[in-house]
Structure formats: C-alpha cells, structure tokens
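Taking it in order: structure first as structure tokens, then the write-up.
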Amino acid sequence: MANQGIHLLKLAEERASARKKLEDHKRKLEESLIPYIPNECISQILVRLPLESLTKTRLVCKAWYRIVKSPIFAKDYLERSESSLIFLVPVKRELYFPFFERKIPEKTNAFSVESKLFRLQSVPVLQQPSIDPTSLLHLHFMESRDGMVKTKEYNATCLGRIRACCGGFILVDNKMKRGGLIVLNPVTRELLALPVGTIFPPHCESYGLAYCPSNNQFKLVHLFRDELQYFGCEILTLGDKSWRMVDGPAFGLFGWCGYDPVVAIGAIHWVPFVDHSEYIVSMTANDEKFQQIFLPTGCRTSDRIVEIRGQLGFVCHEEESKQIDVWCLKGLSGEVWRKQYTIPVGGIRGLVPLYFTRISGEMIFRCKFGHLYSYNCSLQSMHKLEIQAEDISRNVCCFPHVNSLLSLKVNDQDMF
4 MANQGIHLLK
14 LAEERASARK
24 KLEDHKRKLE
34 ESLIPYIPNE
44 CISQILVRLP
54 LESLTKTRLV
64 CKAWYRIVKS
74 PIFAKDYLER
84 SESSLIFLVP
94 VKRELYFPFF
104 ERKIPEKTNA
114 FSVESKLFRL
124 QSVPVLQQPS
134 IDPTSLLHLH
144 FMESRDGMVK
154 TKEYNATCLG
164 RIRACCGGFI
174 LVDNKMKRGG
184 LIVLNPVTRE
194 LLALPVGTIF
204 PPHCESYGLA
214 YCPSNNQFKL
224 VHLFRDELQY
234 FGCEILTLGD
244 KSWRMVDGPA
254 FGLFGWCGYD
264 PVVAIGAIHW
274 VPFVDHSEYI
284 VSMTANDEKF
294 QQIFLPTGCR
304 TSDRIVEIRG
314 QLGFVCHEEE
324 SKQIDVWCLK
334 GLSGEVWRKQ
344 YTIPVGGIRG
354 LVPLYFTRIS
364 GEMIFRCKFG
374 HLYSYNCSLQ
384 SMHKLEIQAE
394 DISRNVCCFP
404 HVNSLLSLKV
414 NDQDMF
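Following our numbering, the numbering of the sequence shown begins with 4 at its first residue and continues without gaps.
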C-alpha cells in the first residue's frame, strides 16, 4: 500500500509539472506573437490619456504601472495637463420629514482625508473621534472644454477648507488638530500632515505654496498680521519638521490678506489692499525676500492677478471704454509690464477673472450673478459657458488647479 501511495504521488507531481510546462509554453508562444513596443512609445501613449482613463490603465500590467509611477512620467503628464478649478461642495441634506434626515449614501471606494491621516498616525479605531457625515466637504474640479463646463469628483472628502494650490497639490486645514494643515494630491490620494506653525485667525493670515527649482523643493509661506498691524512671515519646506521665521514685508505695504496669492515667475504675489492697490507685494521662492512691484494701473475690486503660461498677468477693467486689459510680466529682473490682450466686454458687467487655461489659452471669468464666461485669446471671442452638473455659484470658493501625478516623497527626489 505504501508503494502504491508513493507511485500515485509521483504520478500527480509529474502531471502537475507537465501541466505547468504546457502553460509556460503557451504563455511564451502568446508573448512571441505580440509585437514588442518600447517603453518610450507606451509612455507617449499613456501621457495623452485623460485622467479617468489613466487611473484605470495603469492597472493593466506591472510594466504600465511602473511607467505611470515614474517621476519622469509625472512631470510629462503635468506639462500636458490643462488648468482647471478645484473647489469644495458640502453634503446635500435632504429632509423628507420635519424631524428626520435622509441617510447620506456612502460612495464605493470613497477616500477620506481624515481617515487616512488616522491610519498614517496609527491611531486606534476606538480612539478616533467620530465625524459627522453632514460636515464633510467633497472635492470637485471643473473642466472647461468646447464651450462646456463639466464638474467632476475626486471621490474624496475632507473637513477643512482649501488654503492654497500648486503643482497638483492642495493645502487644506487639518480639523483634527488646532492650527494643523495637510498637503494632499487629490489624484494620487497621497497626503502629508504638516507641523503646526503660528496660529492666527483665518482673516488675518494667508498661505502660498510654491515650487523652488534651485533645490527641487516645495515651500509653504505663511503670512500673518498681528494686533499692531505688523505682518510676520514663516516658511516651511515640505519634508521639514519645523517652520522658519523670516523677515516679513515692510510695515505699511499690506492692508489685508483677503485675496489669495498667485504663484508665477518664481515668486508668490499678493494684492495688498481691497481696492485701489497701486502695487503688488512679491516674495521670491529662492531667496525668500519681499519686494514691491508697481502695477501698470490701479487695481480695483474686480481686478485680479493671475498666472498666464508661466508669466504673471494683471487683468484690469477700463470702465470708460468697456473693456478689460491683460498685462503680463515675464520676470523680476528689470522686466516691465506689457499689454498682452484687450478684451471687449460689451454689456457684461461685474466680470472677475478666475484663471487662465494654459493649454487652450482661454481666460475664464465669473460675473456677479455666478455665470461663467470664457474669452479665447486666439479667436478673440467671448462666450458664456454652459454648465453641466453642479453650478459653480458666486459663493463657491475655488482655486486654479492642475491635476498631476507628482509625489510628496520629497526626500526621494520624486517631485521633479
């Protein structure tokens, strides 16, 4: 009986080995029939895919996954990505009875910033504070294409509001810690909790996130106003464990922190007053010095500074001639403002520039009624955008943004 058992075992092993050899032979035969495509060619194909397709395609095989995860591919994809707007949408609370609320449905594969933060910090489940689902904010982004506006979801939620954006990263409040902040890539869902800096009320502070190419790092600049109206400044290099105090702007240059800063030509730029600003205040990312840059004309409440294909743009209204002038500044080494475009507005009133699309070359405006308009600089035509899905009303706070695959692993030189 023992010999018979050994014989059956050997027979089973031989059959399994033969089956494996046959499967290997079939696999090699199939691979030989598929033409070889260099990784460079595959990369050039993948980099042209829209974001929704790319996130699915990277899971096809390990080779494609490695291509999409590489820093070189992330940089190429960033250069091809179109500008958009990112904003937060609160949960809709639908009442179906005076004393009850309909249960909010949870989406599959939904990403919670706070939940991931707890996991990264190894907070036990029983010690995690409960989160009211009605207080969650959903991350959305807006795309403008062919005269249509589409709002899309990242399928991600957070509790804090957006403070700044740069290179596909967004800065949001960390509601789990007083004064805390989180840097997040909503596409890759990678996040980094930042150390707490100087705490001030939101209306007395401003944040700017900028990339510093000289040392391949991102710097977060925190500007704040004290009780004596002096403005202080501290800087955190992403990856560091503490903030650094630096010299702030000269006394009297700033009046408030209401306008979000703009990053362009290697610096962060602020409009320092609510109305009648004759200049902007800029801080260069490399040497971290503040300077005063005079504008070609005064900045009023409906005027803004924007980033225009790497340059700093100033969009101002000429009320008498019913037109909008767009000025551009190419650098901070003696360059001067030059008028780039003149936009006739006709009877459209109260247009406020939101951002400039770097690929299609369109200036996106929002009027006082919340409607969106697009001016094509090449065709020199203005038209109202048709909004699909959710409306981006005048009360929604939105930031210019670009979807990217950049990594937060600053120590591994993964950013650029």
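Positions of the beta carbon are idealized from the N, C-alpha and C atoms, including for glycine.
In this structure, the alpha-carbon of K342 lies about 22 angstroms from that of H386. In terms of Cα proximity to L142, the closest of V94, L123, F90 is F90. Two segments are said to touch when three or more pairs of C-beta atoms, one from each, lie closer than 8 angstroms; by this definition the region 300–309 touches the region 272–288. Beta-bridge partners of Q294 (DSSP): S285. Restricted to the region 56–95, the alpha helix (DSSP H) segments that are unbroken, complete and at least 4 residues in length are 65–72, 74–83, listed in chain order. Residues of the same chain with a CB within less than 6 angstroms of the CB of F257, apart from the 5 flanking positions on each side, are F234, P275 in chain order. The C-alpha of V249 is placed about 34 angstroms away from the C-alpha of T160.
The continuous alpha helix (DSSP H) containing N42 extends over residues 42–49. The Cβ atoms of Y344 and V309 lie no closer than 8 angstroms to each other. For secondary structure counted as the beta strand (DSSP E) over 3 or more consecutive residues, the region 128–202 holds these complete runs in sequence order: 140–148, 151–161, 165–169, 172–177, 183–188, 193–197.
Cβ-Cβ distances below 6 angstroms link L223 to L212, L239 in the same chain, with the five nearest sequence neighbours on each side left out; the list follows chain order. Per DSSP, V224 is one residue of the beta strand (DSSP E) stretching across 220–228.
The Cβ atoms of A113 and N42 do not sit closer than 8 angstroms to each other. In the DSSP assignment, S118 falls outside any beta strand (DSSP E) and within the unbroken alpha helix (DSSP H) covering 116–123.
Taken atom to atom, the span from the alpha-carbon of S56 to that of L120 is near 27 angstroms. Contact between V116 and L187 holds, since their C-beta atoms are separated by about 6 angstroms, short of 8 angstroms.
Here T137 is exposed: its Cβ has fewer than 16 other Cβ atoms, across all protein chains shown, within 10 Å. The Cβ atoms of Q294 and S285 lie closer than 8 angstroms to each other. H206 sits in a helix when the DSSP states are folded into three classes. Checking the DSSP bridge columns, you'll see V329 partnered with V318, Y344.
By the neighbour-count criterion, in which a residue is buried when 16 or more other Cβ atoms sit within 10 angstroms of its Cβ, G350 is exposed.
The three-state secondary structure of A19, taken from DSSP, is helix. Its Cα nearest to that of G171, the residue P189 stands out among Y262, P189, G183, E338.
Between the C-alpha atoms of R307 and P127 there is a straight-line separation of about 46 angstroms. In chain order, A196 place their CB closer than 8 angstroms to the CB of Q124, counting only its own chain and leaving out the 5 sequence neighbours on each side.
Taking 8 angstroms as the cut-off, the beta carbon of Q326 is found closer than this to the beta carbon of P347. Rounded to the nearest whole angstrom, the C-alpha separation of K29 and A19 is 15 angstroms. About 5 angstroms separates the Cβ atoms of V152 and L388, confirming a contact at the 8 angstroms cut-off.
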